[in-house]
Ligand code: ADP
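This is the structure we're talking about:
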């Protein structure tokens, strides 16, 4: 029998995605497999289709061809149970501007039916505990990014999707996020990450895939 660790947790086969009635070929026959515990980085310049690929894998965008699976389930039909095992940090931060850091995490905590005491360690982990009462609108870009990251990790997902998590961040925040990613990798979390930064890709990943044109 095949060992579980050899089964791909994320799989894409011949994914196609066109915009503007086919005028823009965002993805043309993209295939990949990511196994449990792997950190795979997709690197490509702006406009190469990284966000499109991640959104298709997560079932947030329809594809025009091919098939994709996360945790063995078709991306287009992921159940709440499957989503509960997935963490995602996409480019739009998904935070409520007028709510504090604590209250933002509290919404997700309730959604995932987690105890209240998961919030404090989550904020400490991204060094935001001292800013816990601050409204998101008053946070710097790096702090928002860290809060988004804390939110993505709150329910201890098995698979993590991160779309350019360190884009535009200062070096200190970037290395803070990298350290957390290394910790997650040690714990066996499977990580799919996009970047346009070659140095970041080589630093973090087990495997790197290039997306171009
Ligand atoms: P990346 O994340 O690598 O910057 P994207 O997936 O955002 O790339 O975009 C890939 C290509 O598809 C680009 O040419 C972009 O302009 C185009 N594109 C993305 N989303 C849309 C959309 N909703 N409508 C039209 N074109 C789009």
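In our numbering, the protein residues as written are 528 to 740.
Glycine included, each C-beta is placed from N, C-alpha and C at the ideal position.
About 6 Å separates the beta carbon of residue 595 from that of residue 583, a gap short enough to meet the 8 Å contact definition. Beta-bridge analysis with DSSP links residue 600 to 597. The beta carbon of residue 545 sits closer than 8 Å to those of 551, 552, 553 and 591, all from its chain and outside the five residues before and after it, given in chain order. At the C-beta level, residue 568 and residue 539 stay beyond 8 Å of one another. In this structure residue 691 is in contact with residue 721, their Cβ atoms being roughly 6 Å apart against a cut-off of 8 Å. Contact annotation: the stretch 596-615 does not touch the stretch 664-674, with fewer than three C-beta pairs closer than 8 Å.
Segment contact: the stretch 645-654 against the stretch 665-684, three or more CB-CB distances shorter than 8 Å; contact assigned. In its chain, beyond the 5 residues on either side, 668, 669, 672 and 704 have a beta carbon closer than 8 Å to the beta carbon of residue 696. Separation of the CB atoms of residue 738 and residue 571 is rounded to 4 Å, and the pair is thereby assigned contact status at 8 Å. In the DSSP assignment, residue 581 falls within the alpha helix (DSSP H) that extends over 577-584. C-alpha of residue 650 to C-alpha of residue 656: approximately 5 Å in a straight line. Per DSSP, the beta bridge partners of residue 545 are 552. In the DSSP assignment, residue 719 forms a beta bridge with 567 and 688.
About 6 Å separates the CB atoms of residue 661 and residue 627; that is less than 8 Å, so the two are in contact. In this chain, residue 659 is not harboured by any alpha helix (DSSP H), its DSSP state being neither H nor E.
Residue side-chain check: residue 675 keeps its Cβ at 7 Å or more from all non-hydrogen atoms of the ligand ADP. Judged by DSSP in its simplified three-state form, residue 625 adopts coil rather than helix or strand.
In the DSSP annotation of this structure, the continuous segment of the alpha helix (DSSP H) that includes residue 677 starts and ends at 668-680.
The ligand ADP never approaches residue 722 closely enough for any of its heavy atoms to be under 7 Å from the residue's Cβ.
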